[in-house]
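As structure tokens, the structure follows; a few thoughts come after it.
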Amino acid sequence: MKSRTSLAVGATAIILSVVPLAVTASAAGTCLSGHFCAFSGISYSGTKLLDSTAPAGTNTVSVADNDVESGRNYTVNRWCAVEAEGWPDHTIFNFAPNSSASDMGSAKNKTEHFYVRSGSDGC
Ligand SMILES: [Ca+2]
Ligand SMILES: [Ca+2]
4 MKSRTSLAVG
14 ATAIILSVVP
24 LAVTASAAGT
34 CLSGHFCAFS
44 GISYSGTKLL
54 DSTAPAGTNT
64 VSVADNDVES
74 GRNYTVNRWC
84 AVEAEGWPDH
94 TIFNFAPNSS
104 ASDMGSAKNK
114 TEHFYVRSGS
124 DGC
């Protein structure tokens with residue numbers, strides 16, 4: 004009886020130590036419906052740099068410079084990423100309504116801000 008009890012306690016301790024890691028891993032890439040979220044790493048990893056519900060027509064939604072690599076656009080609007088360093092501002096990436104991009108390719112680590120347009124408009 005005594006050894007059975009200590010086995011059960013040991014199993015509980017292992018479960019408790021694993022659960023917080025699992026929660027952290029799933030939270031990294033999450034984004035609520037109706038939100039736009041940008042992440043510092045590809046595949047929605049790293050830090051969530053932006054979590055916004057800014058409406059269509061918003062011209063500047065600031066984000067940490069040169070760090071965004073992936074994003075989830077769970078809005079009905081279009082989100083446009085802007086490079087604003089070294090030359091006139093220009094759009095470098097287009098997040099279509101209700102779309103995700105796990106890797107922004109050549110636009111990675113360049114964004115200074117986003118602007119938001121209705122889903123039927125272009126960037
Ligand atoms: Ca980055
Ligand atoms: Ca930049």
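Read left to right, the sequence shown gives residues 4 to 126 (this note's numbering). We put the beta carbon where it would ideally sit given N, CA and C, even for glycine. On a predicted model such as this, the values are computed, not experimentally measured, just so you know.
- Within 6 angstroms of the C-beta of Glu115 there is at least one heavy atom belonging to ligand 2.
- Between Thr114 and Val66 a beta carbon distance of about 6 angstroms is seen, short of the 8 angstroms cut, so the two are scored as contacting.
- Residues Leu52, Leu53, Val66, Val71, Gly74 of the same chain have their beta carbon placed closer than 7 angstroms to that of Ala41, with the five preceding and five following residues left out of the count.
- Contact between the segment 91-111 and the segment 55-66 is absent, with fewer than three C-beta pairs closer than 8 angstroms.
- Short note on Asn97: C-beta not closer than 6 angstroms to any heavy atom of ligand 2.
- No heavy atom of ligand 2 is found nearer than 6 angstroms to the CB of Glu72.
- Assigned with DSSP and collapsed to three states, Gly44 falls in coil, not helix or strand.
- With contacts defined as CB atoms closer than 7 angstroms, Phe39 and Asn69 fail to qualify as a contacting pair.
- DSSP places Gly49 in the coil class of the three-state scheme, outside both helix and strand.
- Only residues of its own chain outside the window of five on either side were considered, and among them Phe39, Val64 have a CB closer than 6 angstroms to the CB of Ser55, listed in chain order.
- By the neighbour-count criterion, in which a residue is buried when 16 or more other Cβ atoms sit within 10 angstroms of its Cβ, Ser121 is exposed.
- Secondary structure of Ser123 (DSSP, three-state): coil.
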